[in-house]
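Numbering (the working numbering), first residue to last: 1468 to 1742. We put the CB at the ideal spot given by N, CA and C, even for glycine. Data first, discussion second: the structure below is written as structure tokens.
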């Protein structure tokens, strides 16, 4: 759902991400253009610190650390241990900076609950850190975390590029009933998740507030901004399957939520699908 703009244009971020995944050299015409995590925006007017990327993606939002973080986690890309229970989950993605170039050597520290919703506060089960590769990529093997009172399903992460501030945030799963009741949940932090046999595969790209020198910029493809209007309304509680109109298009709700400004259907493809 992050490969096209609301008007159907293939985003340049998708082209660059595909090139990285294929092990190709970044085309010069794409240096400094968006290869970001989502096509989500904070609303019609981007915040002052929004990186200068052309797909409209802001920097990855911060979230609270929570009470269960522990420093000095082991260096590893797999959090699985012998006898680990739970649905296997592979999470992969890239880390980009303000000019939408990949960032290597970024420290990513992950921690999460086990399948029963419990954190290991004495040892380091389901805790580990790694560093992004030369192409900005990372991959984590773990399980789908369990639920515990008051929270929806989530994975904690700290991201820090060399010599830069730490970004502390959380990643979420689409389609979770508790997403609508968790006061911390942010739809901009939804992973793309799909079934893979009896396991799950997820992807998420981080965008850090790191200054970068952009390369040659391609001629931008105009993407008209649709005017608001229709039956969608902030403050309305929508259920999965509900249909609304917005800016002359019809959208179907993918997961239950209460609408709020900035979550208009074209801006949040994790919540709405154009029909």
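| Query | Result |
| --- | --- |
| Mind checking residue 1677: buried by the 16 CB within 10 Å criterion, or exposed? | buried |
| So, residue 1560 versus residue 1604, is the Cβ gap smaller than 9 Å? | yes |
| Would you mind reading off the limits of the beta strand (DSSP E) that contains residue 1560? | 1555-1563 |
| Just the Cα atoms here: how many angstroms apart are residue 1740 and residue 1654? | 14 Å |
| Alpha carbon to alpha carbon, what distance is there between residue 1549 and residue 1726? | 43 Å |
| How should residue 1622 be labelled, buried or exposed, when 16 other C-beta atoms within 10 angstroms of its C-beta is the threshold for buried? | buried |
| Taking DSSP's pairing of strands, which residues face residue 1659 in a bridge? | 1670 |
| Going by CA-CA distance only, name the one from 1629, 1541 and 1650 that's closest to residue 1639. | 1650 |
| I need the DSSP call for residue 1704, collapsed to helix, strand or coil. | strand |
| Count the other C-beta atoms from every protein chain shown that fall within 10 angstroms of the C-beta of residue 1564, then say buried if there are 16 or more, exposed otherwise. | buried |
| Looking at C-alpha atoms only, which residue of 1619, 1662 and 1667 is the closest neighbour of residue 1648? | 1619 |
| For residue 1542, is the classification buried or exposed, using 16 other Cβ atoms within 10 angstroms of its Cβ as the cut-off for buried? | exposed |
| Consult DSSP for residue 1644 and reduce its assignment to one of helix, strand or coil. | helix |
| Assuming residue 1574 contacts residue 1637 (C-beta within less than 8 Å), just tell me the rounded distance between them. | Not a contact, Cβ separation roughly 17 Å. |
| Starting from residue 1547 and walking both ways along the beta strand (DSSP E), at which residues does that stretch end? | First-last for residue 1547: undefined, no H or E at that position. |
| How close, in whole Å, do the beta carbons of residue 1599 and residue 1545 come, if the pair is a contact with beta carbons under 8 Å? | With a Cβ gap of about 16 Å, residue 1599 and residue 1545 do not count as contacting. |
| Give a yes or no on whether the minimum CB-CB distance between residue 1664 and chain C is below 9 Å. | Among the chains of the structure shown, chain C does not appear; only one protein chain is present. |
| Give me the residue from 1625, 1554, 1614 and 1556 with the minimum Cα distance to residue 1595. | 1625 |
| Nearest CA to the CA of residue 1731: which residue from 1723, 1716, 1699 and 1717? | 1699 |
| For residue 1645, which residues from the same chain have a beta carbon less than 6 Å from its beta carbon, with the 5 sequence-adjacent residues on both sides left out? | 1619 |
| Would you please state the rounded distance, in angstroms, between the beta carbons of residue 1540 and residue 1576? I believe it to be under 8 Å. | 6 Å |
| If you follow the beta strand (DSSP E) that residue 1735 is part of, which residue opens it and which one closes it? | Neither: residue 1735 is in no beta strand (DSSP E) and is coded neither H nor E. |
| Should residue 1610 and residue 1552 be called a contact, given that it needs their Cβ atoms to be closer than 9 Å? | yes |
| Smallest Cα separation from residue 1570: which of 1708, 1701 and 1672? | 1672 |
| Classify residue 1713: buried if its beta carbon has 16 or more other beta carbons within 10 angstroms, exposed otherwise. | buried |
| Just to confirm my understanding: we take residue 1744, look at its own chain, exclude 5 residues before and 5 after, and list those with CB closer than 7 Å. What are they? | This structure cannot speak to residue 1744, because the chain is shown only from 1468 to 1742. |
| Whole angstroms is fine: what's the gap from residue 1743's alpha carbon to residue 1660's? | Beyond the ends of the chain as shown, which are 1468 and 1742, falls residue 1743; an answer cannot be given. |
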